[in-house]
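The structure appears right after this line, and notes come after that.
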Amino acid sequence: MIEGLWEEIPRFFTYYNWVFLLEATGRTLVLTGIGCLVGFAFGFYLAVARLYRGRVFLPLKVIIIFYVEIFRRVPFLVTLMLIFFFCQGVQLDVSVFTVALITVCLIAAAYTAEIVRAGFESVQHTQWEATEVMNFTLVQKLHLVVIPQAWKVILPPAFSFFIAFIKDTALASQIGVVELTYVGKVFNNKGFSAVLAFGTILILYYLISYPLARFGAWMEKKLAVSKH
Amino acid sequence: MNYTIHFNLIWKYVPDLLQGAVLSFQIAILAFLGGMIIGLVGASIKIFGGGVLRGAVHAYVSFFMNTPQLVQIYFFFFALPQAGILLSPYQAVLVGMTLNAGAYLTEIQRAGFLSVHKAELEAAETLGMSLPQTIWYVIFPHICKVLFPPLSNHYIIMTLGTSMAAIFGVEELTGRAFNVNAITFRSIEVFIVTAGIYVGITILASAILVFAGRWLFRVKGKVF
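Those protein sequences? They're chains A and B, same order as listed.
If you count by the numbering used here, then the first sequence holds residues 1 to 228, one letter each, in order.
If you count by the numbering used here, then the second sequence holds residues 229 to 452, one letter each, in order.
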């Protein structure tokens with residue numbers, strides 16, 4: 001088995017295979033990056049919308065809680081299939097990449113809404129009351145008081161969520177998005193040994209994810225709120 | 229937009245889907261228990277072991293935490309036969325999920341073990357407790373309280389992760405949803421029902437875990 005592997009390696013790492021691999025890596029990163037950024041923005045607004053008080057906003061709150069709970073409790077694959085067939089059902093002519101992107105955005109929004117909410121809750125109650133006393137508007141409250149304190153709590157989990165999603169987007173290969181995992185399947189179908197095809201993909205994922213995870217751990221330590 | 233929703237074609241397949249949910253639960257619980265054992269050994273080695281063993285555990289954890297679970301299972305399913313080990317889809321998924329869970333649970337349990345302060349152990353010694361007494365009255369209650377929330381959280385994540393098994397042809401909840409979809413062609417309805425069942429089983433699991441945590445370890449937790 002090992003001898004056969006050595007023979008395959010020069011045939012495997014040709015110029016065009018590298019181009020194919022790197023393009024797919026780029027697609028994985030773009031899918032995750034854009035998805036998580038848009039998702040974060042959307043999730044942030046969801047968390048802010050939950051801050052509104054009063055009976056008028058109750059339906060809005062209930063909808064948001066339902067949204068967040070449902071998207072956090074349905075597997076990525078099922079959500080992906082649902083969006084995929086939904087786009088087909090309403091005859092929306094979009095590429096599979098867009099379908100995957102929409103899915104990532106929706107799920108990322110649900111998760112980041114929870115992360116941001118936890119960040120808002122980490123700000124001491126007295127601080128919120130002080131903004132009330134100063135008669136700040138909601139934007140002023142967030143901009144001047146809450147976010148400067150909460151971002152340290154929000155950023156590390158948001159970042160580790162982003163890293164987790166680099167790995168979760170592997171499932172997008174199931175609807176035909178040509179990203180890293182899909183390339184592994186293509187190479188395997190072309191006749192390269194599975195050890196080589198999937199081994200390369202695993203190593204590439206590792207090379208992307210490991211430095212980011214280390215950076216995330218470093219950032220978490222750096223931003224850790226001092227308890228003194 | 230000329231899609232008409234027909235749920236009535238799906239209802240008779242719901243028992244079938246629920247049987248799939250039982251298999252999902254089975255995979256999740258087996259992988260979780262296997263992962264707990266690996267995690268316990270791994271965390272012990274990481275804290276007490278030294279040298280090569282520790283390096284090996286570190287490599288295992290960092291490799292499995294930084295690569296997608298799907299590709300890991302692909303590797304077990306397609307690459308191991310080349311080495312003469314033939315795994316059925318169910319076995320491949322179980323092995324992949326167990327090893328993946330083992331890596332995450334190693335990290336979680338290690339953090340839990342390290343949360344026991346030296347002062348607590350010294351206090352136990354001062355009170356003249358024997359080692360089993362120290363473990364039973366001091367270390368165990370403390371670790372359980374710290375570990376319970378992240379462990380139950382990871383169990384929920386693993387329940388969602390079992391949907392990956394469908395890709396390999398295991399007939400768990402998502403796998404059965406694919407089958408029902410192929411029979412009825414009511415794709416949107418099938419996956420809405422499937423999503424609903426997933427929401428149901430994870431809320432049920434969360435609720436049971438929260439009440440168990442409150443009752444056994446006095447952990448404060450919320451279902452939502």
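Using N, Cα and C, we set each Cβ at its ideal position, and we do this for glycine too.
Everything numeric in this text was worked out from a predicted model, so none of it was measured.
- Between A/Ile175 and A/Phe84, the CB-CB gap stays under 8 Å.
- Counting only the Cα atoms, B/Tyr383 lies some 28 Å from B/Leu314.
- DSSP, reduced to helix, strand and coil, places B/His286 within a helical segment of the structure shown.
- Using a Cβ-Cβ cut-off of 7 Å, B/Ile395 is close to Gln174 of chain A, given in chain order.
- The Cβ atoms of A/Leu58 and A/Glu179 lie no closer than 8 Å to each other.
- In this structure B/Ala433 is in contact with B/Thr387, their Cβ atoms being roughly 6 Å apart against a cut-off of 8 Å.
- A direct Cα-to-Cα measurement between A/Leu92 and B/Ile275 gives close to 54 Å.
- Segment contact: the stretch 437–450 of chain B against the stretch 360–376 of chain B, three or more CB-CB distances shorter than 8 Å; contact assigned.
- Judged by pairs of C-beta atoms under 8 Å, the stretch 279–290 of chain B does not touch the stretch 165–173 of chain A, as fewer than three such pairs exist.
- Under the Cβ criterion of 8 Å, B/Gln254 is not counted among the residues facing chain A.
- Taking a C-beta cut-off of 9 Å against chain B, the contacting residues of the stretch 157–187 of chain A are Ile163, Ile166, Lys167, Asp168, Thr169, Ala170, Leu171, Ser173, Gln174, Leu180, Thr181, Gly184, Lys185, listed in chain order.
- Per DSSP, the unbroken alpha helix (DSSP H) holding A/Ala164 starts and ends at 147–168.
- At least one CB of chain A lies nearer than 8 Å to the CB of B/Gln310.
- Taking 8 Å as the cut-off, the Cβ atoms of B/Asn328 and B/Gln361 do not count as close.
- Not a single C-beta of chain A is nearer than 8 Å to the C-beta of B/Thr334.
- A/Val195 counts as buried, since no fewer than 16 other beta carbons sit within 10 angstroms of its beta carbon.
- The three-state reading of DSSP puts A/Met134 in coil, since its state is none of H, G, I, E or B.
- Residues of the stretch 284–307 of chain B with a C-beta atom less than 8 Å from some C-beta of chain A are Ser290, Phe291, Met293, Asn294, Thr295, Pro296, Gln297, Leu298, Val299, Gln300, Tyr302, Phe303, Phe306, Ala307, listed in chain order.
- The same chain holds no residue with a CB closer than 8 Å to that of B/Ser316 once the five nearest residues on each side in sequence are set aside.
- Residues of chain A whose Cβ lies closer than 9 Å to the Cβ of B/Ile257 do not exist; the shortest such Cβ separation is about 16 Å.
- Straight-line spacing of the CA atoms in A/Asn135 and A/Trp128 works out to 11 Å.
- Sorting B/Ala311, B/His345, B/Val321 by C-alpha distance to the C-alpha of B/Ile371 places B/His345 at the top.
- At least one C-beta of chain A is nearer than 8 Å to the C-beta of B/Phe419.
- At a cut-off of 8 Å between beta-carbon atoms, A/Val74 makes contact with chain B.
- When secondary structure is reduced to three states using DSSP, A/Gln88 falls in the helix class.
- CA-to-CA, the gap between A/His143 and A/Val99 works out to about 34 Å.
- When Cβ-Cβ separations below 8 Å define contact, B/Ala320 makes no contact with chain A.
- With contacts defined by Cβ atoms closer than 8 Å, A/Leu82 and B/Phe419 form a contacting pair.
- Non-local C-beta neighbours of A/Ile64 in its own chain, meaning closer than 8 Å and more than five positions away in sequence, comprise Leu46, Ala49, Arg50, Ala113, ordered along the chain.
- Using a CB distance cut-off of 8 Å, A/Ala213 counts as an interface residue toward chain B.
- At a cut-off of 8 Å between C-beta atoms, B/Ala331 does not count as an interface residue with respect to chain A.
- Beyond the five residues adjoining it in sequence on each side, B/Ile266 comes within less than 6 Å, by CB distance, of Gly330 in the same chain, given in chain order.
- Any Cβ of chain A closer than 8 Å to the Cβ of B/Ala423 would place that residue at the interface, and such an atom is present.
- Counted as a single uninterrupted DSSP element, the alpha helix (DSSP H) harbouring B/Ile429 occupies residues 415–445.
- Looking only at B/Ser272, B/Pro296, B/Ile416, B/Tyr426, the smallest Cα-Cα distance to B/Thr402 is reached by B/Tyr426.
- Between A/Phe76 and A/Ile107, the C-beta gap is smaller than 8 Å, which places the two residues in contact.
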